[in-house]
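Asker:
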Amino acid sequence: MNGLQHCEYSAADFEATVIETTDTRLIHVSGYGLCASNGWTLQLVAANPGVVPHPESLWLEIRETPPTSDAPARVLTETSVEAMIEDAHAKQVVIRFRWREGFVLPLHERVGALR
């Protein structure tokens with residue numbers, strides 16, 4: 001654990017699922033980070049705006065917001081993050097970080113009908 005600097009992440013704690021509808025193709029990415037205290041906020045944001053050199057890869061970056069309290073209790077906390085992205089070409093999702101090496105998630109097809 002990096003103190004309060006960053007949460008810890010593992011590819012095993014994330015999943016990327018393709019949801020096909022008659023109108024569009026959505027990719028649902030979900031997972032969690034293990035944070036040093038309660039109160040962290042995690043967000044997945046686009047990491048490749050503009051011209052995309054690898055259209056088969058959807059690039060996302062995790063942005064962290066630490067707790068606002070001055071001295072939060074140090075209790076390891078699973079903090080969830082998810083995003084729903086419309087993408088017609090991706091075959092994998094690349095999760096990037098500004099402070100460490102990222103990881104690649106294969107896409108899984110959603111089983112069952114939409115409700």
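In terms of full-length UniProt numbering, the sequence shown opens at residue 1 and continues consecutively.
Ideal Cβ positions, reconstructed from N, Cα and C, are used throughout, including at glycine.
1) Assuming the contact rule is C-beta atoms closer than 8 Å, CYS7 and GLY33 should be a hit. Round their C-beta distance to whole Å, please.
2) Figure out for me which residue from GLU82, ARG96, GLY102 has the closest Cα to the Cα of ILE27.
3) What is the C-beta distance between TRP40 and PRO67, in whole angstroms, given that I count them as a contact (C-beta under 8 Å)?
4) Confirm, please, whether the CB-CB distance from HIS108 to VAL18 is below 8 Å.
5) Taking the continuous beta strand (DSSP E) assigned at TYR32, which residues delimit it?
6) Using 10 angstroms around the beta-carbon of LEU76, count the other beta-carbons present and answer buried if the total reaches 16, otherwise exposed.
7) One question on the structure: do LEU42 and ILE85 come within less than 8 Å of each other, judged by their Cβ atoms?
8) Indicate the three-state DSSP secondary structure (helix, strand or coil) for MET1 in the structure shown.
9) Is THR73 near ASN38, with beta carbons less than 8 Å apart?
10) If you draw a straight line from the alpha carbon of THR21 to that of ASP87, how long is it in whole angstroms?
Answerer: If we stick to the structure as given:
1) 3 Å
2) It is GLU82 whose Cα lies nearest to the Cα of ILE27.
3) 6 Å
4) yes
5) 25-35
6) exposed
7) no
8) Its pLDDT being 40, under 50, MET1 is placed unreliably in this model, and the coordinates cannot settle the point.
9) Looking at the sequence provided, one finds Ala at residue 73 rather than Thr. Between ALA73 and ASN38, the gap from beta carbon to beta carbon is short of 8 Å.
10) 12 Å
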